[in-house]
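Respectively, the protein sequence lines represent chains A and B. Note that this note's numbering has the first sequence beginning at 16, numbered continuously upward. Note that this note's numbering has the second sequence beginning at 1462, numbered continuously upward. Glycine residues also receive a C-beta, built at the ideal position from the N, C-alpha and C atoms.
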Amino acid sequence: MKKFIICMFATMLNFSNSQTIFWEKEYKFDFHLSSSTNPVILDSHGDIVNIIEGTTGYSSNSNFFKCDLMGNLTIPKTIFNLEMTLKTGLRIPMIFYETQKGYRIFAATNSNFALTDPKHLLPIVINTENTGDTTNVHYPYDQNINDNYSNFGIVKSDNISNTVTINNKFYNVSVNQWVKISKNESVENYHIIVGCYDSTGVIFGEKALILWE
Amino acid sequence: MLRQYRGYLWRKGFDSLGIAGEKFTLQNVRKTDNNTILVLCLQYQIDGVNWVNTRLKLLEIDLSGNVINRLTLNQKNYFVPIDVIKLRNGDYCFLNTYLNYKNNENFLWKVDVEGITYKKVDIPHKAVKTYLDRIFKNHDNGIILLGRNITDEKNIKDFLDDVGVLYILKVNDELEFKWEYSSDQLLLSDMRLREFISLPNNNFIITGYKNKYNFYIAKFYDHDTAMNSIQNNLKKENIFLSPNPATDFLEISLPKNALKDVSIQVYNVFGECIKEIPLNPPFSKGEIKLDVSGLPSGVYFVKVGEKVGKFVKI
């Protein structure tokens, strides 16, 4: 009898390796999702919140949507409107966190592709309501000043999320191949850059020149 | 020299390599439960078109920008680190892919804070190829891996356009296999499974992109977490069940302080509650007779509040 019981238990445990899927759902959008790497959060209201990049044509946008715990899409919304940035350019959400009134989004923007490397972007911070409606936007740096991109800029990596948020601050991480050793001179010397930005997108410091160990 | 900027907000450069011919790519950035930042990089050289001398480089950085740990790991077979988590005991667990296998074999690598290998486990591909993209820590300290299986060679185009099926794998923190889930219907292309969200009651949600335009979300039940929860409670067992094994009736002797609990629940080995009997106090003796004649043969758990007992129905 004892042997029988042990065998039965082992068989049933093995059988329990299959998992139960309750439901699966999908939603089709009219913008391109593939480059988005933003984390998805379960907020304090029990909603699953996504703020993702969507590209259409030559521009990209921040898109906000919420699902309830049954996977139903309750709010789909485009966050940016044309008054917030120039008509062309990037508006890429990098990371976000929940605030008392809604959400705070750390995004990357570059108003002019010709100005600099499109991977090098300037930070902006967007505050929204719980519904995704924008309450205000912080533009800490002038997008038309070229030096701002190298001094205060952030980098968006392809296919990975390279920004985290901790204690209401944003940390952007990148690998830099060329290190500036003077105003006009750089040397190839790969290194990691980590920048800490506050809740308005400001990186504190004089000029955030790159220094390394 | 590392220079701090005025105030506590900062921007810093770390780890200048200074080695001719070395390349260096950022592979992932994750935050830990202790509010530190894990920066995972691949360091390599190029020989013709091949990546050689691959090494994993990890920096752990605190919120003041100080490096609190720095690891460089290499091994005989060339590989690419993909993702990292920090386990509760401070060890790191890396998800990696071998470079020299055509079928995209992955492996998990668990090391301690000094980079000493605790365990390395290969994860063989399940179909034509297996892409594992993300690694997460579950609330039971299990490790969840998200990816997809490429089931048909005809579907292989390039890395982003391969068409596969959803694949989820769970191992425990000792890197022992617990379960896997492979969808037989859902086709995913040009996508990644992005996020794992642990929910109460042993449920979890995953999200990702099915293709360029479709957002995907699904909810699962984790039987293994349910089992762990019950088995952890068994350590606190102080319910006496008799006879055990039982055929028709089971007598449950409860401690006095359990009488304030509102019901007795019976779970099967899948962690599913199959019977719930309300307690109608007062139970002066703390003994209850439970009719188990209708239950199929098997192992069951009786739960009253936080206390759990196990019995076998024959």
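Check whether the Cβ of residue i lies closer than 8 Å to any Cβ atom in chain B.
{"i": "residue 206 of chain A", "result": "yes"}
{"i": "residue 86 of chain A", "result": "yes"}
{"i": "residue 199 of chain A", "result": "no"}
{"i": "residue 120 of chain A", "result": "no"}
{"i": "residue 152 of chain A", "result": "no"}
{"i": "residue 214 of chain A", "result": "no"}
{"i": "residue 218 of chain A", "result": "yes"}
Going along chain A, which residues have a C-beta under 9 Å from residue i?
{"i": "residue 1774 of chain B", "result": "Within 9 Å Cβ-Cβ: nothing; residue 1774 of chain B doesn't reach chain A, min ~10 Å."}
{"i": "residue 1483 of chain B", "result": "205"}
{"i": "residue 1682 of chain B", "result": "34, 35, 36 and 37"}
What does residue i touch in chain A if you count any residue whose Cβ is under 7 Å from its own?
{"i": "residue 1656 of chain B", "result": "54 and 55"}
{"i": "residue 1666 of chain B", "result": "63"}
Anyone know if the C-beta pair for residue i and residue j falls short of 8 Å?
{"i": "residue 176 of chain A", "j": "residue 54 of chain A", "result": "yes"}
{"i": "residue 172 of chain A", "j": "residue 189 of chain A", "result": "yes"}
{"i": "residue 123 of chain A", "j": "residue 94 of chain A", "result": "no"}
{"i": "residue 185 of chain A", "j": "residue 212 of chain A", "result": "yes"}
{"i": "residue 1531 of chain B", "j": "residue 1548 of chain B", "result": "no"}
{"i": "residue 48 of chain A", "j": "residue 1677 of chain B", "result": "no"}
{"i": "residue 1654 of chain B", "j": "residue 1607 of chain B", "result": "yes"}
{"i": "residue 1725 of chain B", "j": "residue 1768 of chain B", "result": "no"}
{"i": "residue 1544 of chain B", "j": "residue 1556 of chain B", "result": "yes"}
{"i": "residue 1509 of chain B", "j": "residue 1471 of chain B", "result": "no"}
{"i": "residue 67 of chain A", "j": "residue 78 of chain A", "result": "yes"}
Could you name the residues of chain B that residue i contacts, counting a contact when the two beta carbons are closer than 7 Å?
{"i": "residue 147 of chain A", "result": "Correct list: empty, because the minimum Cβ distance to chain B is about 15 Å."}
{"i": "residue 177 of chain A", "result": "1487 and 1490"}
{"i": "residue 48 of chain A", "result": "1670, 1673, 1674 and 1676"}
{"i": "residue 189 of chain A", "result": "1487"}
{"i": "residue 186 of chain A", "result": "1498"}
Where residue i and residue j are concerned, what is the direct C-alpha to C-alpha distance, given to the nearest angstrom?
{"i": "residue 88 of chain A", "j": "residue 210 of chain A", "result": "34 Å"}
{"i": "residue 1541 of chain B", "j": "residue 137 of chain A", "result": "30 Å"}
{"i": "residue 1644 of chain B", "j": "residue 1762 of chain B", "result": "30 Å"}
{"i": "residue 1703 of chain B", "j": "residue 1774 of chain B", "result": "11 Å"}
{"i": "residue 1658 of chain B", "j": "residue 205 of chain A", "result": "35 Å"}
{"i": "residue 1505 of chain B", "j": "residue 1770 of chain B", "result": "55 Å"}
{"i": "residue 1711 of chain B", "j": "residue 119 of chain A", "result": "56 Å"}
{"i": "residue 193 of chain A", "j": "residue 82 of chain A", "result": "42 Å"}
{"i": "residue 1730 of chain B", "j": "residue 1756 of chain B", "result": "13 Å"}
{"i": "residue 1601 of chain B", "j": "residue 115 of chain A", "result": "29 Å"}
{"i": "residue 1473 of chain B", "j": "residue 208 of chain A", "result": "6 Å"}
{"i": "residue 1713 of chain B", "j": "residue 1735 of chain B", "result": "17 Å"}
{"i": "residue 1512 of chain B", "j": "residue 1484 of chain B", "result": "9 Å"}
{"i": "residue 1491 of chain B", "j": "residue 1634 of chain B", "result": "18 Å"}
{"i": "residue 1638 of chain B", "j": "residue 1594 of chain B", "result": "18 Å"}
{"i": "residue 143 of chain A", "j": "residue 52 of chain A", "result": "20 Å"}
{"i": "residue 108 of chain A", "j": "residue 86 of chain A", "result": "22 Å"}
{"i": "residue 1664 of chain B", "j": "residue 38 of chain A", "result": "12 Å"}
{"i": "residue 1475 of chain B", "j": "residue 1528 of chain B", "result": "9 Å"}
{"i": "residue 1727 of chain B", "j": "residue 1705 of chain B", "result": "15 Å"}
{"i": "residue 1673 of chain B", "j": "residue 45 of chain A", "result": "10 Å"}
{"i": "residue 1681 of chain B", "j": "residue 76 of chain A", "result": "31 Å"}
When you compare the CB of residue i with every CB in chain A, is at least one pair closer than 8 Å?
{"i": "residue 1633 of chain B", "result": "no"}
{"i": "residue 1471 of chain B", "result": "yes"}
{"i": "residue 1761 of chain B", "result": "no"}
{"i": "residue 1766 of chain B", "result": "no"}
{"i": "residue 1828 of chain B", "result": "This structure cannot settle anything about residue 1828 of chain B, because the visible part of chain B is limited to 1462 through 1775."}
{"i": "residue 1701 of chain B", "result": "no"}
{"i": "residue 1679 of chain B", "result": "yes"}
{"i": "residue 1474 of chain B", "result": "yes"}
{"i": "residue 1745 of chain B", "result": "Confidence in residue 1745 of chain B is poor, its pLDDT being 48 and thus under 50, which makes the residue's placement too unreliable to answer from."}
Applying a beta-carbon distance threshold of less than 8 Å, which residues of chain A neighbour residue i?
{"i": "residue 1526 of chain B", "result": "209 and 211"}
{"i": "residue 1520 of chain B", "result": "207"}
List the residues of chain B whose Cβ lies closer than 8 Å to the Cβ of residue i, in chain order.
{"i": "residue 182 of chain A", "result": "1496 and 1524"}
Under 9 Å Cβ-Cβ, which residues of chain B neighbour residue i?
{"i": "residue 112 of chain A", "result": "None at all; the shortest Cβ gap to chain B is about 11 Å."}
Taking C-beta pairs closer than 9 Å, name the residues in chain D that residue i reaches, listed in chain order.
{"i": "residue 59 of chain A", "result": "Looking at the structure shown, chain D is missing, and the protein chains on hand are A and B."}
Requested in this report: Taking only beta carbons into account, state which residues of the segment 1485-1509 of chain B come closer than 8 Å to chain A, listed in chain order.
Outcome: Going along the segment 1485-1509 of chain B in chain order, one finds 1485, 1486, 1487, 1488, 1489, 1490, 1491, 1492, 1496, 1498, 1500 and 1502 with a Cβ nearer than 8 Å to chain A.
Report task. Check distances from the C-beta atoms of the segment 32-46 of chain A to those of chain B and list, in chain order, the residues that come in under 9 Å. Result -> Listed in sequence order: 32, 33, 34, 35, 36, 37, 38, 39, 40, 41, 42, 43, 44, 45 and 46.
Query raised in the report: Listed from N- to C-terminal order along the chain, which residues in the segment 133-144 of chain A have their beta-carbon within a distance smaller than 8 Å of any beta-carbon of chain B?
Result: none
Report task. Check distances from the C-beta atoms of the segment 1553-1578 of chain B to those of chain A and list, in chain order, the residues that come in under 7 Å. Result -> none
Query raised in the report: Name the residues in the segment 159-176 of chain A whose C-beta lies less than 7 Å from a C-beta of chain B; which are they?
Result: 172, 175 and 176
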